[in-house]
Every structure is written in structure tokens, then in C-alpha cells.
Amino acid sequence: MAPLPTIKDLIKEPFGPYPDTVILNPDWKPTGKSLPQLRQLRIQQNKQFIGLDTCERYLEPPTKPSSPVSFFGVLIIKDLEWLSEAGKLFLARDLNKRDETGQRPSQNSRRTAQDRQPLSLEGLYGKRPGEGLKIEVWLMSEKETPAMFKTAEHYPNSLLLGSKDQHRIYEILTMARETYSLSSNFLQRYRLVALINQIVVKYGIPPNTAQIDNFVNGYLLIHKENLWSYATIFPEQEQPPRQVSVEPRLRHVSHAEVRESFAAHSGWLLAFYLPKRSRPIDVRLWCEFITKVRVAKRAPKSKTWSQTYEDDEIWASDEEGTPEAIAKTLEKFGGTAGNWEKRIRNAITRDASPAGSSSDEMPMHVPSKQRRRPLLAYDSDFSEPSTPGCSDSEYDSDPPSPAFRPIIFHMSQPPTLLPGRFIWDCPVPKCNYSLNLLDLERGGNNEGLPKAVVRKKQFSNLQDEQVQKFLCRTVSDHYCDHLGIKVKPHQNKEKFMAELMKRRRD
């Protein structure tokens, strides 16, 4: 015979569902860092279960209000003060109904069911904090405010939903499988927004200047930094130590894979940032990226970006890269094509920088035979870096010329190579110089040990001393060419510094 259920068994499954307007205390309005938490989220509209992709589709809300959206989730009632008086009655009634159905044994086994004492919520919860048991309920709420994911100050990694009743905010811990599947677009888009914010802050990208390569390369660098943040998890039981032949590491992520993630939501990201006056992206360059995505999707038998979450229509017009054509694809996110076109044109006009800024100096088209630009392109009006070593204070009184600033900024940074690449690209705008460490020409009998080691590939990794010496010297010489300085630092440091300060004042 199966054992009879205990009180813990009786409350194992959530009770309800109950409307929040009925079961919750109207005076209970949690805020700040103590928001209530829901599990197993489900969303419903017009008696059909939907996801966030449906109810959060529009960035511009339609003028005609849609039918109400309800959401359900399991809430742990941690304190009876959360419940209204009616809620306590409903919950106590359902608790005792389940008790009768479950035939829980009484304390005295010889007593009959008629002698059973009804259960009370107060007895279940106890009188002192931390004691007793807690009941879970299915809570039904009407959605009021747009969902927030990775955008709340106190909950930077959480999904938050707001209810109409008392304007409560709930933190969503888990979703039902169907809900998660129907919310993949929404979640991925705001993950990209959070990633963009992280890259902009980490690498100091000026507003309204970033393009797709900034985000792709920024992600890859962050991915490399996280290489050892994922520890290998071993069983809890003690086992004799064993030799691990393969070091734990994150899987390889390619440029194409990261670029495809942004391509899948390129239109939505443009629509998201357009209403904001200060945005990370250069709208003109981002529209060009969208155009390339559409062209790739339209190519016959092309698998490049062929399936994106946005499922954009394929443009038939030859004017596919114009603001008018792009605006038509943004209508799916709300608003009208006319309004989107106006915003695009205004943004391009505002983003147009004065002569010499990095935005104008970035080429719209990079020839296929040229190397891509490096991770970050910095604005030309960066603050002057600290005085180079071995310089005299007498040189510090004169401000550097505008043409000098971006070059001296890059000179103050040690050269770096992207993960998995052996190519250094000059970050100076309009410069197409690339240094391929795996394809060096012989420099004659006087090429020096560092170059010989690199040319003959006699190094195990990029941190090899000779590799770093060759890279730093070659990059430094290239920057000298930009400034028109013929004397290189490794040839005569004093003459180089004198010439450098002279160029700085020109």
C-alpha cells in the first residue's frame, strides 16, 4: 500500500490559478531590490498562448489598442501579508480540499475523517520568521508595461514584467518551454543591446560612430577574456586525481558567426536606436550593413544570412539601400514608413561629422583585396595622451595639432592582434597598411634576429619575445611614416623625440 501524503506532499504543487486582483493584498507593493519572482511563465492573448515576440513586437505602439495580454506564473507566498483577506479564504479553502482528497493521516490514526482538524495558513506558516512552510500559487496578471530584459538598474541580467494591478513588477526566473520558444527574438535582441552597451563602455567608442566591425571584434575580444571564466565542474564525491590531457576552453567563435547574429536583427537594432538622439551606431554605415544583409539573402543558392529571425522580405528594387527602402522594412516594428524614413535621414544628417572626424574618414566600401579595419576607430579629438617617456617638459606647453592627435593616440597603445589572426591592420583612418606575420619578405642579410624568427616562423605563440620585438618595432616605424619622421626610435631616440615634438607643434 502506497504511503499516505504528508503536509509537504499536499503543498508540493502550486494552488490556483488566482487573479492578482483577488488574491493579493492591494497594500503590498514591492519595489527596489525585493521584487517578487515568478517561475514557469506563460503568456496569453485572445485565449491563445503566445510569447514575447508577439506582445513585444512593436517598438512604436500601434494607435489602435490591442486586446489585453495576461501572464501566468508560479509565485511563492513568502509572507501571509502578501495576501488579501479574500485571498487567505480562497487559499485556505483549496488547501483543505486538497487535504480531504489526499486523505492525509491524522495525528491519531484511529480518528476518522470527520474528526480531522482543518488546516490553517497561520499554522502552516508559523509565528516566527523562517519557520513553517511556504505555499506556491499560480498567479494570473494583466500585463501593463513593456517587458524589460537586461535594462533595469537593479536587475541588469533579469527579465521583468509589470502588471496592471497596483503596477507591480515581477522578476521572471523561468519560462515554460513554449513561451521561451516564442520569445527567442525578444531575448536575443536585448542580449545584443546589452552586448553593444558593454562593448561601447569597455572600449570607449564615441556616440554615433560604431559600425558592425566594432561590435564583432569587440565581442571576440570579450570572448577571449572569458576563456578561463568557465571552470570545469567535477563530481562532488572525492575521486583520485587524474591527468587532464586537454585544457578546458570555450569553443571557437568565428567572425562570421558573430556577424550573423547581428545580421539576424540588424533591422530591429536600427529601429531600436533611431528614436534615441545619442546612439552607439553610425546610422549611415548601419544602413549599408543592412543592405549587404539583404543582398546576401537575395543571392541565389546563397546560405549567407539566408535565414534570419526577422524573416525580412527580399527587396526587388534596385534602390534597396536608400532610406526610403530601408524604412519600409521597419514598419513591422510599428510606426509608418514615412516616419522611419524621416528619422533615418535626420540621423544621417546629425551623424555627419566635421572634417577630420572618424565617422567621415571611415570608408563606406572596403575593397575586397584590402584588409578590414581593426577593432576600434577612435574620434580624432581624443584627449592628448600622457607625455611620452624620455620627453622634456619644455615640449609639453604646446597643444598638438589636430592631424597629430589620432596618430599619437595610436602610438601610445601597444599593437595587438585579434584572436586567431597574425595580421596587424593600421588603425589610422584611410590607411590600408597591413602587416602579415605569416607572409614576410626576406629583408636581406641585415634583417635582424626578430624579423628572421618571425619570417621563418620559429616561434610557438604571439607572445614570443622576438615576435613582440619585431611587431612593436615595425608598427612604430609605420607610425613614424604617418608623421613624416625619417629617424626611427630604435635608430636614435634623441633625434626621434626632437623630431616628434617638432611635428607635434606643426
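In the UniProt record's numbering, the protein residues as written are 1 to 506. Ideal Cβ positions, reconstructed from N, Cα and C, are used throughout, including at glycine. Remember, it's a predicted structure, so these values are computed and weren't measured experimentally.
My output table needs one value for residue i: the three-state DSSP class, helix, strand or coil.
{"i": "Asn96", "result": "helix"}
{"i": "Val295", "result": "helix"}
{"i": "Asn461", "result": "coil"}
{"i": "Arg42", "result": "strand"}
{"i": "Phe422", "result": "coil"}
{"i": "Leu270", "result": "helix"}
{"i": "residue 525", "result": "No answer is possible for residue 525: the residues shown for the chain start at 1 and end at 506."}
{"i": "Gln37", "result": "strand"}
{"i": "Leu10", "result": "helix"}
{"i": "Arg371", "result": "Confidence at Arg371 is low in this model, with a pLDDT of 39, below 50, so its placement is unreliable and no value can be given for it."}
{"i": "Thr232", "result": "Only weak support exists for where Thr232 lies, its pLDDT of 38 falling under 50; the value from the coordinates is given anyway. Correct three-state label for Thr232: coil."}
{"i": "Ile326", "result": "helix"}
{"i": "Leu24", "result": "strand"}
{"i": "Leu83", "result": "strand"}
{"i": "Ile485", "result": "coil"}
Check for me: the beta strand (DSSP E) holding residue i runs from which residue to which?
{"i": "Val258", "result": "Unbroken run through Val258 is the alpha helix (DSSP H), 255 to 264; no beta strand (DSSP E)."}
{"i": "Leu75", "result": "69 to 77"}
{"i": "Ile50", "result": "48 to 50"}
The alpha helix (DSSP H) with residue i in it runs from where to where?
{"i": "Pro17", "result": "Pro17 -> not in any alpha helix (DSSP H); beta strand (DSSP E) instead, spanning 15 to 19."}
{"i": "Asn436", "result": "Careful: Asn436 lies outside any alpha helix (DSSP H), inside the beta strand (DSSP E) at 434 to 436."}
{"i": "Arg345", "result": "337 to 351"}
{"i": "Pro455", "result": "In the sequence under discussion, the amino acid at residue 455 is Arg, which differs from the Pro named in the question. Taken as a continuous stretch (DSSP letters only), the alpha helix (DSSP H) holding Arg455 covers 449 to 455."}
{"i": "Gly123", "result": "121 to 125"}
For residue i, which residues in the same chain have their Cβ closer than 6 Å to its Cβ, ignoring the five residues on either side in sequence?
{"i": "Leu35", "result": "Ile169, Glu171"}
{"i": "Ala271", "result": "Leu59, Leu330, Phe333"}
{"i": "Arg343", "result": "Leu274"}
{"i": "Gln37", "result": "Glu171, Leu173"}
{"i": "Met175", "result": "Leu41"}
{"i": "Tyr395", "result": "Bear in mind that the predicted position of Tyr395 carries a pLDDT of just 35, short of 50, making it unreliable; the figure below should be weighed with that in mind. So the list reads Met501, once near-sequence residues are dropped."}
{"i": "Leu437", "result": "Phe422, Val454"}
{"i": "His223", "result": "Val253"}
Who are the near neighbours of residue i in its chain, counting only those whose CB is closer than 7 Å to its CB and skipping five residues on each side?
{"i": "Glu178", "result": "Phe49"}
{"i": "Gly335", "result": "Glu60"}
{"i": "Phe459", "result": "Val453, Gln466, Val467"}
{"i": "His490", "result": "Arg473"}
{"i": "Gly132", "result": "Leu124, Tyr125, Gly126"}
{"i": "Ile196", "result": "Phe215, Pro280"}
{"i": "Arg98", "result": "Leu10"}
Rounded C-beta distance between residue i and residue j? I'm assuming under 8 Å.
{"i": "Leu91", "j": "Leu121", "result": "6 Å"}
{"i": "Pro146", "j": "Ser84", "result": "Pro146 to Ser84, Cβ: 27 Å. No contact."}
{"i": "Gly267", "j": "Leu182", "result": "So it is not a contact: roughly 20 Å between Cβ atoms."}
{"i": "Asn46", "j": "Ser67", "result": "5 Å"}
{"i": "Leu220", "j": "Val258", "result": "6 Å"}
{"i": "Ala327", "j": "Val293", "result": "Contact doesn't hold; Cβ gap of about 16 Å is too wide."}
{"i": "Ala210", "j": "Ile281", "result": "5 Å"}
Report all residues from its chain with a CB closer than 8 Å to the CB of residue i; omit the five preceding and five following residues, and keep chain order.
{"i": "Pro17", "result": "Phe72, Val137, Trp138, Leu139, Met140"}
{"i": "Lys88", "result": "Leu80, Leu121"}
{"i": "Ile23", "result": "Gly16, Leu83, Ser84, Ala86, Gly87, Phe90, Leu91, Val137, Leu139"}
{"i": "Lys495", "result": "Val487"}
{"i": "Lys78", "result": "Lys134"}
{"i": "Leu160", "result": "Leu35, Ala147, Met148, Phe149, Ala152, Ile169, Tyr170, Glu171, Ile172"}
{"i": "Pro450", "result": "Gln466, Val467, Lys469, Phe470, Arg473"}
Could you check whether the Cβ of residue i sits closer than 7 Å to any heavy atom belonging to the ligand NAD?
{"i": "Val253", "result": "What this structure holds is no ligand at all, so the ligand NAD is not there to describe."}
Spell out whether any CB of chain C is found under 8 Å from the CB atom of residue i.
{"i": "His490", "result": "No chain C is part of this structure, which consists of one protein chain only."}
Which complete beta strand (DSSP E) runs does the stretch 134 to 222 hold, if anything under 3 residues is left out?
135 to 142, 159 to 162, 169 to 172
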